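Residue numbers (the numbering used here), protein chains in the order written: chain A, 1 to 396; chain B, 1 to 469.
Beta carbons: idealized from backbone N, C-alpha and C, even for Gly.
Just so we're clear, the structure is a prediction, and the values are computed from it rather than from any experiment.
First up is the structure itself, then whatever we jot down about it.
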């Protein structure tokens, strides 16, 4: 399996998704548009890892701008394990190529990737890890997260990269974060999200059931709870995501860097042809959708309403989390994905986003472990890490 | 029928910050070479995030205070999307939903002009077209330089009011250190319509975009007035709401291509920038740092005994004020200083075609001190001042090297006067036979002998005494 689109150092221990910048190494974000784009600086998270002695091994392949299901829209080709679609970043961890992979999570791709590859991934609370150096699509919800084999490794790497960065205006003021693996799971109450459990395939339901049994064996209480805002979260997030993505990728226009069409008669043609050639179907569809929801006359009904829905969803989820320590829910519908043609993929991405939208739109921390997803209140990464670690050690 | 103009202005002013609005590149002091002052952030590279320059917010709030605005203590930045090569990220960060200042006013003579809002935004870059090679070049030096846009209400009724407003705006902004208002750093969009005098309804509106010279603005308004009135009275054309541009060569406005103006900018709040909260304490600090306005300054000068008209001229220009205040603080007589600045300095500025008074104020202070203490004559002082303007000479050194500092006593003048009278029989004769003009040539000869160092009044008195003896 080819893990890296660009190798940096054989001795490196960290893989970095191609949506995150490493100075001097091409960063293409899986897009033809940025095939030959080499950044002048590294992401803050990368800098912090290097400073702490963690070398970067290489850049892992991602779907175009990280918008898709499992990397299938990458200009450099999809990554497969046998007949199954997988992501290079999660597989590199699984194979022991690297200790951890950094990915950008806004539409849930690294969460799905961890679930299908059977490794751990955490998307920390929004604002705790600097987004400086991320090829940005959705500023209001994207976060750099960590994929690793277990909770212990995640804790180690997350501790290095989290903390205030003055170069990111959305970075929270706390300088450093301490994470724990030893919160007492036996006293925890976990809410199994009814609406999402019902949407999952029987394979995934079995995974959830098994995880639930493990938690109960450890003394935790698991109760089925209705969180009746899941489809609102999905739709609102789709609107916010498309709008912000449309705006953020508009800088890729063939003028300054990246792909420029061979022949053009004027500036409009340069724009249209470069972008037509440089983006794939999923990105183009997102651009069209995003520019529509921001259009004059639709802004209030679509974008503005989604901002308000974001608050309603957040209130609802926080209300549940005031009684429960964490939510238990699927990370994706299936445990196995095949290759899709681009149109199927487009539908599939929307369908699957229902499982990941809750943590994305609220900015709450989410962790994938044992093929299931856990979501906790803001800054409660230790709750998630402790659950994952305790269950992992129990099973071992 | 009599018609009246209805005009509203959108004025863009470059802020005097040390760095750009969202990155640490240098701000208003424009660099010389294209793309000298550019970083990954202001050239729209992926991965860079904007961080708000607080000084720009402070300057905007100051402008708000000056124009009697309400300050929005919760203010946000929004994205305005459009494609143009001079806009590297394909969006401009501006304030659409919550501008920093709203609902102000400014007095122009006996009229009050309403200010709808003042918002902060980033400037775009510059396109340079080379016709020879049919190529366009982009210069990003100006991208993300902070601007404020001051939006007036449609309260102007004549081009004179517009010009008076812009002049006042310029001097106030310079005064408060908000903007240098250098050539081209203040740009105006003029919204103009015409209606029968006394009517409450608004006519069809034209917007003339992006003008920076006052004479251009005045001419464009006058042109539009005639065009609108002709259209209404003589049906020369059908007026439509449109955006136009002023052609300085053809001396008229032209409609801009529809395509350039029909954009939907798709405004939405910029999620990369948290709302800026201007708390009471910060607001108090900004207010405390406000300098006096030109009017306040003028009043202070009048109280020093300077004539109203002269005080107003001094107060209208920050550089003049700076020099004046400095020299007066050195203990010189305010009236004398005003006269030196308004006559001698401005004379030199005119002669050398300088737009601002850029001399070291210590030098002017020293010259005036020497003259006031009769160490040198006023004429010598003027000579030194000219040299300061031309070659930035050292006052005392120049004085000594040119023999200007010799203390001239009456005895010496007396002997020169006698010498000149003895050597110029004809002029003396002319004077005595009633041609008083001859006095002037004798006076000139004495001055020449003294190399301009003698006190003119003393020379004149001594000459008259001798000639009339």
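Sheet register partners of residue 121 of chain B (DSSP bridge): As a working note, residue 121 of chain B is residue 121 in the second chain. Its beta-bridge partners are B:147.
For residue 115 of chain B, the three-state DSSP class (helix, strand or coil): Taking the second chain and counting its residues from 1, the one referred to as residue 115 of chain B is at position 115. Strand.
If residue 239 of chain A sits next to residue 293 of chain A, beta carbons under 8 Å apart, how far is it from one beta carbon to the other, in whole angstroms? Within the first chain, the letter at position 239 stands for residue 239 of chain A. Within the first chain, the letter at position 293 stands for residue 293 of chain A. About 5 Å separates the two Cβ atoms, so the contact holds.
Just to confirm, is the Cβ distance from residue 80 of chain A to residue 15 of chain A under 8 Å? Residue 80 of chain A sits at position 80 when you count from the first residue of the first chain. Residue 15 of chain A sits at position 15 when you count from the first residue of the first chain. Cβ distance not < 8 Å, so residue 80 of chain A and residue 15 of chain A don't count as in contact.
Verify whether the separation of the beta carbon atoms of residue 335 of chain A and residue 168 of chain A is less than 8 Å. By 1-based counting over the first chain, the position of residue 335 of chain A is 335. By 1-based counting over the first chain, the position of residue 168 of chain A is 168. Taking 8 Å as the Cβ cut-off, residue 335 of chain A and residue 168 of chain A do not qualify as a contacting pair.
When you compare each of A:143, A:117, A:91 and A:250 to residue 265 of chain B by their alpha carbons, which one comes out closest? Residue 265 of chain B sits at position 265 when you count from the first residue of the second chain. The shortest C-alpha separation from residue 265 of chain B is found at A:250.
Which residues, taken in chain order from the stretch 96–116 of chain A, show a beta carbon closer than 9 Å to some beta carbon of chain B? none
Among B:13, B:138 and B:18, which residue has its Cα nearest to the Cα of residue 148 of chain B? The residue given as residue 148 of chain B occupies position 148 in the second chain. For residue 148 of chain B, the nearest C-alpha among the options comes from B:13.
According to the neighbour-count rule (16 or more other Cβ atoms, all chains shown, within 10 Å of its Cβ), is residue 235 of chain B buried or exposed? Translated into positions along the second chain, residue 235 of chain B becomes position 235. So residue 235 of chain B counts as exposed.
Taking the alpha carbon of residue 49 of chain B as the point to measure from, which residue in B:307, B:98 and B:144 has its own alpha carbon closest? Locating residue 49 of chain B in the second chain gives position 49, counting from the first residue. Answer by Cα proximity: B:144.
Separation of residue 247 of chain B from residue 134 of chain B, as counted between CA atoms: In the second chain, residue 134 of chain B corresponds to position 134, counting from 1. In the second chain, residue 247 of chain B corresponds to position 247, counting from 1. Those two C-alpha atoms are separated by around 22 Å.
Residues in its own chain within less than 7 Å of residue 254 of chain B by CB, not counting five upstream and five downstream? The residue you call residue 254 of chain B lines up with position 254 of the second chain. Same-chain partners within the cutoff: 244, 245 and 247.
Express the C-alpha separation of residue 1 of chain A and residue 296 of chain A in angstroms, rounding to a whole number. Translated into the one-based positions of the first chain, residue 296 of chain A becomes position 296. Translated into the one-based positions of the first chain, residue 1 of chain A becomes position 1. C-alpha separation (whole angstroms): 47 Å.
At the level of alpha carbons, what is the spacing between residue 9 of chain A and residue 38 of chain A? In the first chain, counting from the first residue as 1, residue 9 of chain A sits at position 9. In the first chain, counting from the first residue as 1, residue 38 of chain A sits at position 38. The alpha-carbon atoms of residue 9 of chain A and residue 38 of chain A are separated by roughly 17 Å.
Where residue 81 of chain A sits in the DSSP three-state scheme: Counting from 1 along the first chain, the entry for residue 81 of chain A is found at position 81. Correct three-state label for residue 81 of chain A: strand.
Can you give me the C-alpha to C-alpha distance between residue 214 of chain B and residue 163 of chain B, rounded to a whole angstrom? Locating residue 214 of chain B in the second chain gives position 214, where the first residue counts as 1. Locating residue 163 of chain B in the second chain gives position 163, where the first residue counts as 1. Computed Cα separation, rounded: 7 Å.
Among all the DSSP beta bridges, which residues are the ones paired with residue 3 of chain B? Within the second chain, the letter at position 3 stands for residue 3 of chain B. According to DSSP, residue 3 of chain B bridges with B:196.
Residue from B:219, B:270 and B:192 with nearest C-alpha to residue 240 of chain B: Residue mapping note: residue 240 of chain B aligns to position 240 of the second chain, counting from 1. Selected option, being the one with the closest Cα: B:192.
Roughly how many angstroms separate the alpha carbons of residue 289 of chain B and residue 80 of chain B, rounded to a whole number? Residue 289 of chain B sits at position 289 when you count from the first residue of the second chain. Residue 80 of chain B sits at position 80 when you count from the first residue of the second chain. Near 32 Å, if we compare the C-alpha coordinates of residue 80 of chain B and residue 289 of chain B.
Can you give the beta carbon distance from residue 467 of chain B to residue 446 of chain B, rounded, assuming they're within the 8 Å contact cut? Within the second chain, the letter at position 467 stands for residue 467 of chain B. Within the second chain, the letter at position 446 stands for residue 446 of chain B. Incorrect: roughly 12 Å between the Cβ atoms, too far for contact.
Three-state secondary structure (DSSP) at residue 10 of chain B? Here residue 10 of chain B is taken as the residue at index 10 of the second chain, counted from 1. If DSSP states are grouped into helix, strand and coil, residue 10 of chain B belongs with the strands.
DSSP three-state assignment for residue 86 of chain A, whether helix, strand or coil: Here residue 86 of chain A refers to the residue found at position 86 of the first chain. Strand at residue 86 of chain A.
Less than 8 Å between CB atoms is the rule here; does residue 279 of chain A satisfy it with respect to chain B? The residue labelled residue 279 of chain A in the question sits at position 279 within the first chain. No, residue 279 of chain A does not count as interfacial toward chain B.
Using a Cβ-Cβ cutoff of 7 Å, what residues of the stretch 82–108 of chain B are near chain A? List them in chain order. 83, 85, 88, 89, 90 and 91
Counting beta carbon pairs with one atom in the stretch 41–52 of chain A and one in the stretch 250–261 of chain A, are three or more of them shorter than 8 Å? no
Residues of chain A with CB under 9 Å from residue 272 of chain B, in chain order? Reading the second chain from its first residue, position 272 is the one you call residue 272 of chain B. Those are 131, 136, 139, 140, 168, 169 and 170, listed as they occur along chain A.
Output, in chain order, the set of chain B residues within a Cβ distance shorter than 7 Å of residue 256 of chain A. Locating residue 256 of chain A in the first chain gives position 256, where the first residue counts as 1. 43, 44 and 88, listed in chain order.
Buried or exposed: which applies to residue 74 of chain B, given that a residue is buried once 16 or more other Cβ atoms fall within 10 Å of its Cβ? Along the second chain, read from residue 1 onward, the residue named residue 74 of chain B stands at position 74. With fewer than 16 Cβ atoms within 10 Å of its Cβ, residue 74 of chain B is classed as exposed.
Figure out for me which residue from A:126, A:127, A:143 and A:128 has the closest Cα to the Cα of residue 134 of chain A. Against the first chain, residue 134 of chain A aligns to sequence position 134. Of the candidates A:126, A:127, A:143 and A:128, the one whose C-alpha sits nearest the C-alpha of residue 134 of chain A is A:143.
With 16 other Cβ atoms within 10 Å as the buried cut-off, status of residue 343 of chain B: Position 343 of the second chain holds residue 343 of chain B. Label assigned to residue 343 of chain B: exposed.
Selection from A:338, A:69, A:136 and A:317 that minimises the alpha carbon distance to residue 359 of chain A: The residue labelled residue 359 of chain A in the question sits at position 359 within the first chain. Here the closest residue by C-alpha is A:317.
For the beta strand (DSSP E) containing residue 367 of chain A, name the first residue and the last one. By one-based count along the first chain, residue 367 of chain A stands at place 367. Its beta strand (DSSP E) spans residues 366–369.
Residue 348 of chain B: first and last residue of the uninterrupted alpha helix (DSSP H) it sits in: Taking the first residue of the second chain as position 1, residue 348 of chain B is located at position 348. It spans 346–351 - the alpha helix (DSSP H) in which residue 348 of chain B sits, taken as one unbroken run.
Buried or exposed by the 16-neighbour rule on C-beta atoms within 10 Å, applied to residue 249 of chain B: Position 249 of the second chain, counted from the start, is the residue given in the question as residue 249 of chain B. Residue 249 of chain B is exposed by the Cβ-count criterion.
So, with DSSP's three-state summary, where would you put residue 96 of chain B? Position 96 of the second chain holds residue 96 of chain B. Here residue 96 of chain B sits in coil by DSSP.
Assuming residue 89 of chain A and residue 113 of chain A form a contact by the criterion Cβ under 8 Å, report the distance between their Cβ atoms to the nearest whole angstrom. Position 89 of the first chain, counting from 1, holds the residue named residue 89 of chain A. Position 113 of the first chain, counting from 1, holds the residue named residue 113 of chain A. Their Cβ separation, rounded to whole angstroms, is 6 Å, which keeps residue 89 of chain A and residue 113 of chain A in contact under 8 Å.
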